[in-house]
Amino acid sequence: SICSPGVKGKSLAKEFLIRNIKIGRRAKIGEGTKIEKNVKIGTKAVIGREIEIGEEVIIKAKVKIGDRSTIGAKVKINEEAKIGENVRIGERVRIGAKVKIGEWAKIRAEIKIANGTEIKAKATVEYPFLYLIGSKYSVCQIDSRFTLKIGCEYHPLDYWKENLERIAQKYGVMEKVEEYKLYIELA
Numbered sequence: 001s002i003c004s005p006g007v008k009g010k011s012l013a014k015e016f017l018i019r020n021i022k023i024g025r026r027a028k029i030g031e032g033t034k035i036e037k038n039v040k041i042g043t044k045a046v047i048g049r050e051i052e053i054g055e056e057v058i059i060k061a062k063v064k065i066g067d068r069s070t071i072g073a074k075v076k077i078n079e080e081a082k083i084g085e086n087v088r089i090g091e092r093v094r095i096g097a098k099v100k101i102g103e104w105a106k107i108r109a110e111i112k113i114a115n116g117t118e119i120k121a122k123a124t125v126e127y128p129f130l131y132l133i134g135s136k137y138s139v140c141q142i143d144s145r146f147t148l149k150i151g152c153e154y155h156p157l158d159y160w161k162e163n164l165e166r167i168a169q170k171y172g173v174m175e176k177v178e179e180y181k182l183y184i185e186l187a
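Structural data, given as structure tokens:
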């Protein structure tokens, strides 16, 4: 791996070339950061101090990563995501655009996080989230017990299966019932 303070000038550029590390224009990389081979860092990305970035990671434009975080191999972080300090991200995680991850959070391997999702500080994400945007409301799995949020209503999955029509009638959206039944079946 490359540790940014120990290698400077032409030798740093040569090492980046050999290891196929591509850094976008006006990107900033903090002191003590370790970067493995085949990494791409986008334009105006800000990578904090003492970060470990695994092999084959793609960090898109304007991403911000806080100090002392660890990014596992084959992770993709999309545009304008903000990752707090001391965050641990497992291998093959996909982070959508404009995602916010609070400090000390842990994201397990192979998780996909939808665009615009906010993960609170010290949270642990161990299971895949369901997040869909329907024609009227978004559908979001909010915990490991399959509680779903549709619009402004939060209910366990079984409750949704039994009461979707009653809830749709309450909000005057009966024409959307069949669409949302499909989303509930996906959960």
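Residue numbers (the numbering used here): 1 to 187. Cβ atoms here follow ideal geometry from the backbone N, Cα and C, with glycine treated the same way. Values in this document were obtained by computation on a predicted structure and should not be read as measured data.
For the beta strand (DSSP E) that residue i lies in, which residues bound it at each end?
i    : result
V139 : S138 to Q141
Hey, how far is the Cα of residue i from the Cα of residue j?
i    : j    : result
Y154 : L148 : 6 Å
K76  : I167 : 38 Å
G6   : R68  : Confidence is the limiting factor: at G6 the pLDDT is only 44, short of 50, which leaves the residue's position unreliable, though a coordinate-based value still follows. In a straight line, the C-alpha of G6 is about 17 Å away from that of R68.
I111 : K22  : 25 Å
C140 : I150 : 7 Å
E52  : E165 : 49 Å
K170 : K136 : 14 Å
E79  : W160 : 34 Å
K181 : P156 : 14 Å
F16  : T70  : 20 Å
V39  : Y183 : 36 Å
R49  : R19  : 20 Å
M174 : G134 : 14 Å
E55  : A187 : 32 Å
Taking the alpha-carbon of residue i as reference, which of the options has the nearest alpha-carbon?
i    : options                   : result
A123 : E52, C140, N115 and W104  : W104
K100 : T70, P156, N115 and W160  : N115
M146 : I113, S135, Y131 and I119 : Checking the sequence, you will find Phe at residue 146 rather than Met. Looking at the Cα atoms, Y131 is the closest of the given residues.
T43  : E31, E85, R49 and R25     : R25
I107 : E126, A97, A27 and T117   : E126
A61  : A27, K37, I89 and G54     : A27
I58  : V46, G66, I41 and A45     : I41
If you follow the alpha helix (DSSP H) that residue i is part of, which residue opens it and which one closes it?
i    : result
L130 : Note, L130: premise wrong, no alpha helix (DSSP H); not H, not E.
Per DSSP, what are the beta-bridge partners of residue i in this structure?
i    : result
E179 : None; E179 has no bridge partner.
T147 : P156
K28  : V46
I23  : I41
Inside the segment 46-126 only - alpha helix (DSSP H) runs reaching at least 4 residues: Correct list: empty.
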